[in-house]
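In this note's numbering, the protein residues as written are 8 to 260. Ideal Cβ placement from N, Cα and C applies to all residues, glycine included. What follows is one structure encoded as structure tokens, with my remarks underneath.
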């Protein structure tokens, strides 16, 4: 009987997940999403990176740069959904995603748009009018999800996991439109040597905020710790003083 009890205890223990107890013990996944988070070969940087490190420092558990992995968005997104103690950013908080993650933020405001070349004079009065065009999207990105919610058929979409690829296809007219975060899309176009003034938003899919998205099985206490840290860095300690958060935004202007 004692042996049976011992074996049952061992097997039940093997099935238990040991959760992280500090912010700096979690796994952080991000993508190439400048100016919010990106790596140009010298290490990860960006507004969201600085917010994460400053906010976690407030909780006496500063996240190291080495613990932040840059991955293609589809891979990072799916990992964050299934792996406990995983944090995904920068993530647009939407109704579809609301109950599949825990949230800390906001990091910054965001605008998800459909971009077109001004020279094409494309006008979109209602969502289904988008279906007649070839629309570039990042797989599992909020732009793709919002288009599907509007009823735009997947057949109208050209998927990629690399935004730089879509930027090049967009300029070379291999796609007609690009559904993506406005500032990020323009950053990639500018990096490719293109004049961002030649492009315009012809439809706004969403206006909202970017957040840190925690896997549901992560200790909610850690989510709250990061939230408190974010609130703290946004608060100026005295009148007229620039907050840590405002300093971060100023760094990337």
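Would you report the Cα separation of residue i and residue j, rounded to the nearest angstrom?
i	j	result
residue 172	residue 178	10 Å
residue 187	residue 93	24 Å
residue 18	residue 166	Reliability of the predicted coordinates at residue 18 is poor, the pLDDT of 45 falling under 50, and the value obtained from them is presented with this limitation in mind. The alpha-carbon atoms of residue 18 and residue 166 are separated by roughly 44 Å.
residue 155	residue 185	14 Å
residue 150	residue 28	34 Å
residue 233	residue 180	43 Å
residue 9	residue 26	Residue confidence for residue 9 is low, a pLDDT of 47 falling below 50, so the modelled location carries little weight; the figure read from the coordinates is stated next. Taking the straight line joining both Cα atoms gives about 29 Å.
residue 100	residue 219	9 Å
residue 53	residue 41	7 Å
residue 63	residue 30	7 Å
residue 51	residue 209	32 Å
residue 192	residue 45	13 Å
residue 176	residue 242	42 Å
residue 86	residue 114	21 Å
residue 164	residue 170	14 Å
residue 207	residue 197	14 Å
residue 259	residue 47	15 Å
residue 91	residue 204	43 Å
residue 141	residue 153	16 Å
residue 136	residue 117	24 Å
Could you tell me how far apart the beta carbons of residue i and residue j are, in whole angstroms, since I believe they sit closer than 8 Å?
i	j	result
residue 43	residue 76	Incorrect: roughly 16 Å between the Cβ atoms, too far for contact.
residue 119	residue 143	13 Å between Cβ atoms; not a contact.
residue 217	residue 55	7 Å
residue 80	residue 148	6 Å
Based on the DSSP secondary-structure assignment, which residues constitute the bridge partners of residue i?
i	result
residue 75	35
residue 109	221
residue 118	214
residue 51	46
3 or more residues per run - each beta strand (DSSP E) lying fully within the region 181–251 | 184–188 and 206–221
Length at least 4, wholly inside the region 126–187: the alpha helix (DSSP H) runs in chain order = As far as the region 126–187 is concerned, its whole alpha helix (DSSP H) runs of at least 4 residues are 149–156 and 170–178.
Does the pairing of the region 61–70 with the region 95–110 give three or more beta-carbon distances under 8 Å?
-> no
Answer yes if the region 240–250 comes into contact with the region 124–141, meaning at least three C-beta pairs across the two stretches below 8 Å, and no otherwise.
-> no
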